[in-house]
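Inspection log for the structure reproduced underneath, given as structure tokens.
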Amino acid sequence: MPELPEVEQVRRTLAPKLVGQTVSSVRIFYPERVFEVTPVEFRRGIVDSRVKKLSRRGKYLLMQTDRQYTALIGLGMTGRFIVEPSLEPLDYLIVAFGLKRNRMVKLYDMRRFSRISLAETGKVGQHPFLARLGHEFDDKRLTPSVLRKELQRFRRRNIKSVLLDQGVIAGLGNIYANEVLFAAKLNPEREAHTLNVNECSVLLGTTRRILRKAIEMGGTTVRNFRDADGRDGRYASELKVYLREGQPCPRCGKKNEIRRIVLGGRSTFYCPRCQK
DNA sequence: CTCATGACCTGACGGC
DNA sequence: TGCCGTCAGGTCATGA
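So in the working numbering, the last spot in the first sequence is 1298, and the numbers never skip.
Written out as structure tokens, the structure reads:
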């Protein structure tokens, strides 16, 4: 579910409840979703330490403690944080962190695609979850010519799949990849390596504008997304093409023009008149 | 290496 | 009402 803006919104709403707190217990309910370390190692790395910082890299949350370890958390499609007193019996729990005064930070996930892991804080960038991630969308070093160069490595892949590839720009998912290409007037089937510097510049501009705005609006709720305060994202009203098959194009106005095709196994929405 | 596909998992929704 | 197929914010392993 969550792409970069949603993960960032979770980070912003979870941080005030978590940073500075001591984690008095760690209970893992779904050990298959703990990667690289054993559940026991994960628990030992976090329990009894204090949360120093909650940050984000791409779609991953990084919970840094005052000891040597950082927990890495990927929310998959439906991962969600709930902070509440005590531990009610709850289906779909992945992990629960106990804080003071009976408060619990629970990660639960209906589809159970969430993933957690542990790294030494100094080596967190080398962790397999993060090692191959591309640029952050707002990284100043990501210039149009750098982007163009990165797109050259793909032989025939279309630009839509490449945007979903976390190795170029980290954090774009299916909603924003569609929206960004519509805003940039680029056809999703366009081969990525054929983009010129000017097109890369436009694409970078729309990516930054859309992600910033989506972050400002607390992300997009289409179905399940809630932040750590239980609130919906408000960006859904800004979506121009995502899930709008058969609707008029908001740019050229042609009726019934938004198409849905499948690229790289994912639904792709676009206006064939505006996106050549 | 590159790319497409299926697998992982559960729920919501539309058609019959 | 109920059953079935399809689809859903992600990522990884597999094999051509």
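Even glycine gets a Cβ: it sits at the ideal position worked out from N, Cα and C.
On the premise that F1176 lies in contact with V1184, defined as a C-beta separation below 8 Å, what is that separation, rounded to the nearest angstrom?
6 Å
Q) Residues in its own chain within less than 8 Å of R1034 by CB, not counting five upstream and five downstream? A) D1249
- List in chain order: all unbroken alpha helix (DSSP H) runs of 4+ residues lying wholly within the segment 1136–1184. 1166–1174
Next on the checklist: If I measure Cβ to Cβ from I1232 and keep anything under 8 Å in the same chain, skipping five residues before and after, which residues do I get?
Outcome noted: Close CB contacts of I1232 within its chain, under the 8 Å cut and outside five residues either way in sequence, are with Y1198, E1201, V1202, A1205 (chain order).
* Leaving aside the five residues before and after K1262 along the sequence, list all residues of the same chain whose C-beta is less than 8 Å from its C-beta, in chain order. => E1201, F1204, A1205, P1272, R1273
Would you kindly check if the distance between the Cβ of L1076 and the Cβ of G1193 is under 9 Å? no
- request: Determine, using beta carbons only, whether I1068 and L1140 come nearer to each other than 9 Å.
  value: In this structure, L1140 lies closer than 9 Å to I1068 by Cβ.
Inset, instruction - Please name the residue in T1100, L1097, A1093 whose C-alpha comes closest to that of F1119. - result: A1093
query: What first and last residue would you give for the alpha helix (DSSP H) that runs through A1205?
result: 1196–1205
Q: State yes or no: is the C-beta of R1295 within less than 9 Å of the C-beta of K1276?
A: yes
Next on the checklist: Measuring alpha carbon to alpha carbon, tell me which residue in L1173, V1127, T1100, V1284 is nearest R1245.
Outcome noted: T1100
- Which class does S1259 belong to by DSSP, given the choice of helix, strand or coil? DSSP places S1259 within a helical segment (H, G or I) once states are collapsed to three.
- Item | Residues sharing a beta bridge with D1131, DSSP | G1101
Could you compute how far the alpha carbon of C1293 sits from the alpha carbon of R1281? 6 Å
*Hey, how far is the Cα of K1128 from the Cα of L1040?*
Approximately 11 Å, taken between the alpha carbons.
- Query: Does DSSP put A1093 in a helix, a strand or coil?
  - Reply: DSSP, read as helix, strand or coil, puts A1093 in strand.
Please list the terminal residues of the continuous beta strand (DSSP E) segment that includes G1252.
No beta strand (DSSP E) contains G1252, which DSSP labels as neither H nor E.
Tell me the rounded alpha-carbon separation between R1266 and S1071. 47 Å
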